[in-house]
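Participant:
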Amino acid sequence: MTGHSTKHRPWSWRRHLWLAALLAVTVHLVSVYLIPRLIMNRVTATVADEGSQPYLPPPIDHTHRRVVMPSPDLLYAVCAYDLTDGPLHIKLEGSYERYWSIALYNARSDNFLTLSGDEVGTDGVNLTIDETKSTAKGLLLMRVLTGANPLWLAKAEAFRKRLRCEQ
Amino acid sequence: MKRRVLLSILYLFALVIGLGATWFALKRVGLEGVTAGAWRSDLLAGSEDAGPYTRARIAVNAVLALDRSETIYFLATHDDQGKPLRAECHYRLAGVAPTAAWWSITAYAADNFLFPVESHRYSISGDSLNITTGETFEAKIGPKANNADIAPDIETAGSGELRLTLRLYKPDAALQKNPASLQAPSIELVEACL
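Line order of the protein sequences matches chains B and A. So for the first sequence, my numbering puts the first residue at 1; every next one is plus one. So for the second sequence, my numbering puts the first residue at 1001; every next one is plus one.
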C-alpha cells in the first residue's frame, strides 16, 4: 500500500503578483463605490436624533466643520429620514421673498428631488414621500438665502423654523 | 518565513496602491465637464446620472450639491495664467454679474472649509457688491495686510491652496443649457505673495 502526499506546492510569485494587482483594483473600485455612502451616513448620523424637529445649524462661519464647502450666505435646515419607518411628510407654511429650496438626497448622495421658492409660491409645502426611485434612507436639506444684509437673517431664521419633517 | 514576510509586504503594497489610486482620482484629478475661463463645472454634480467617480468626487469635495437645473457650481483652482491659486497671494477678480436668481463667489481652503477670518468676509455676491445682473464688478481676494484697516472683499488666511466656488442659483435657461457660455470672472494675480 502506497501513501499519498497531501503537501501542496506553494503558489508561484507570478500568481501572487496577479492576485495583488486584482486586490489593488478591487480595493480602488470598492472604495470609490463606498465613499459617497459612508459620507452620507456620517452626515445623516449627525442629525438623526432630532426627530420631527429639523436640525438647525447656526449661521455658517469658519467654525462650521461638519459638511465641506458650506455657503456662508445661506441658513440651512436638515432632516434625516428612513422610509422603512413610514412615509415622510414635509410641511412648510408661508413664503419667503428670497431664494430658498428644499432638496432631497438619497443614501448615495444624489439629489433626486428639489422644491424651490419660485415654484412653490405662497402655497407652502405639504408633500409626502412614500417611495423613491432610489434608497429608503436619505437626507432633506433646506437652504434659505440670507446674503450680506443682516436684516434678512431674522426673516430667514423664522422661515426655516417652520419646516417640519414628520414620520 | 522570509517568503511569508515578502508576501505580506506585497499585499500591503497592493492595498496602499488601491487606496492611493482612489485618493488621487478623487482629490487630484480635476472635475470633468465644461470650462469657462479659469472656471470649471461638473454638470452631473448632484445628479442621479452621475457616474461613480463623479459621485465620489462630489461627495468628498462638495457633498449635498444641487442638481444643475437648480444650481450650477463652477470651481477655480488656478488663475487666468494657469498658476495654482494660493491663500497667501492677492488676486483681482473682475467680471459681469451673471444671469441667475442669485450668485456668489466663496473662498475655501485646501480642506474645503472656510478660512478662519474674523472679518467674516468669506464671499461676495450681488448683495455684498450692491450690483444687479449685467453690471460689472471688481473684487480683491487675499490675506489682510498688517497695516490695513479693512480686509479685502474676500479674506484668506495662512498659506496653501485656495479654491473659489461660483454658485449660480436658478441660472437663466440659456446658461443652464450651455454653462460654457458663462462670462467667467477673470482671476488675476496682483501682488507678490506673502
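Ideal Cβ positions, reconstructed from N, Cα and C, are used throughout, including at glycine.
Please state if the CB of Leu1164(A) and the CB of Ala1107(A) are separated by a distance shorter than 8 Å.
Facilitator: Yes, these two residues count as a Cβ contact at 8 Å.
Participant: What are the start and end residues of the alpha helix (DSSP H) that includes Thr46(B)?
Facilitator: Counting along the chain, the alpha helix (DSSP H) containing Thr46(B) begins and ends at 13 to 47.
Participant: Per the contact definition of three or more C-beta pairs closer than 8 Å, is the stretch 1149 to 1162 of chain A in contact with the stretch 1174 to 1192 of chain A?
Facilitator: Verdict: no, contact absent.
Participant: Applying a beta-carbon distance threshold of less than 9 Å, which residues of chain B neighbour Ile1018(A)?
Facilitator: A small correction: the amino acid at residue 1018(A) is Gly; Ile does not occupy that position in the sequence shown. Those within 9 Å of Gly1018(A) in chain B are Leu23, Ala24, Val25, Thr26, Val27, His28, Leu29, Val30, Ser31.
Participant: In this structure, does DSSP put Val144(B) in helix, strand or coil?
Facilitator: DSSP places Val144(B) in strand when its eight states are reduced to three.
Participant: At a Cβ cut of 8 Å, what residues of the stretch 1157 to 1170 of chain A count as close to chain B, listed as they run along the chain?
Facilitator: So the close ones are Thr1165, Arg1167, Tyr1169, Lys1170.
Participant: Mind pulling the chain A residues with CB within less than 8 Å of His8(B)?
Facilitator: Here the premise fails: no neighbours, minimum Cβ distance about 14 Å.
Participant: On the three-state DSSP scale, how would you describe Ser1181(A)?
Facilitator: Three-state DSSP puts Ser1181(A) in a helix.
Participant: Residues of chain B with CB closer than 9 Å to the CB of His1120(A), please, in chain order.
Facilitator: Within 9 Å Cβ-Cβ: Asp61, His62, Pro72.
Participant: Restricting to Cα atoms, I'd like to know which of Ala21(B), Val27(B), Leu22(B) is closest to Trp1023(A).
Facilitator: Here the closest residue by C-alpha is Val27(B).
Participant: Within its chain, find whatever has a CB closer than 6 Å to the CB of Pro1171(A); leave out the 5 residues flanking it on each side and keep chain order.
Facilitator: Correct list, in chain order: Ile1072, Ala1100.
Participant: Here's the rule I'm using: 16 or more other beta-carbon atoms within 10 Å means buried, otherwise exposed. How should Gly3(B) be labelled?
Facilitator: Caution is warranted here: a pLDDT of 48 is assigned to Gly3(B), below 50, making its placement in the model unreliable, and the coordinate value is therefore given only provisionally. So Gly3(B) counts as exposed.
Participant: On the premise that Thr146(B) lies in contact with Leu153(B), defined as a C-beta separation below 8 Å, what is that separation, rounded to the nearest angstrom?
Facilitator: Their Cβ separation, rounded to whole angstroms, is 5 Å, which keeps Leu153(B) and Thr146(B) in contact under 8 Å.
Participant: Nearest chain B C-beta to Ala1173(A) closer than 8 Å, yes or no?
Facilitator: It does not: the Cβ of Ala1173(A) has no partner Cβ on chain B nearer than 8 Å.
Participant: Report yes if the CB atom of Asn111(B) is closer than 8 Å to the CB atom of Ala1065(A), and no otherwise.
Facilitator: Yes, the Cβ-Cβ distance between Asn111(B) and Ala1065(A) is below 8 Å.
Participant: So what does DSSP say about Pro70(B), is it helix, strand or coil?
Facilitator: Of the three classes helix, strand and coil, the one that applies to Pro70(B) here is coil, per DSSP.
Participant: Please identify, using Cβ separations under 7 Å, the residues of the stretch 137 to 149 of chain B that lie next to chain A, in order along the chain.
Facilitator: Flagged, chain order: Leu141, Leu145, Gly147, Ala148, Asn149.
Participant: Could you tell me the distance, in whole angstroms, from the CA atom of Glu1138(A) to the CA atom of Asn41(B)?
Facilitator: Distance between the alpha carbons of Glu1138(A) and Asn41(B) is about 41 Å.
Participant: List, from N- to C-terminal side, the alpha helix (DSSP H) runs of 4 residues or more that fit wholly inside the stretch 1062 to 1142 of chain A.
Facilitator: Runs of the alpha helix (DSSP H) inside the stretch 1062 to 1142 of chain A: 1126 to 1129.
Participant: Excluding the 5 residues preceding and the 5 following Lys1144(A) in the sequence, name in chain order all residues of the same chain whose CB lies nearer than 6 Å to its CB.
Facilitator: So the list reads Ala1151, Glu1155, once near-sequence residues are dropped.
Participant: What does DSSP give as the partner residues of Ser116(B) in its beta bridges?
Facilitator: Answer is Ser101(B), bridged to Ser116(B).
Participant: For the pair the stretch 87 to 98 of chain B and the stretch 119 to 128 of chain B, tell me if three or more CB-CB distances fall below 8 Å.
Facilitator: With the cut-off at 8 Å, the stretch 87 to 98 of chain B and the stretch 119 to 128 of chain B touch.
Participant: Please tell me whether Ala1025(A) and Tyr1053(A) are closer than 8 Å, where the distance is taken between their beta carbons.
Facilitator: In this structure, Tyr1053(A) lies closer than 8 Å to Ala1025(A) by Cβ.
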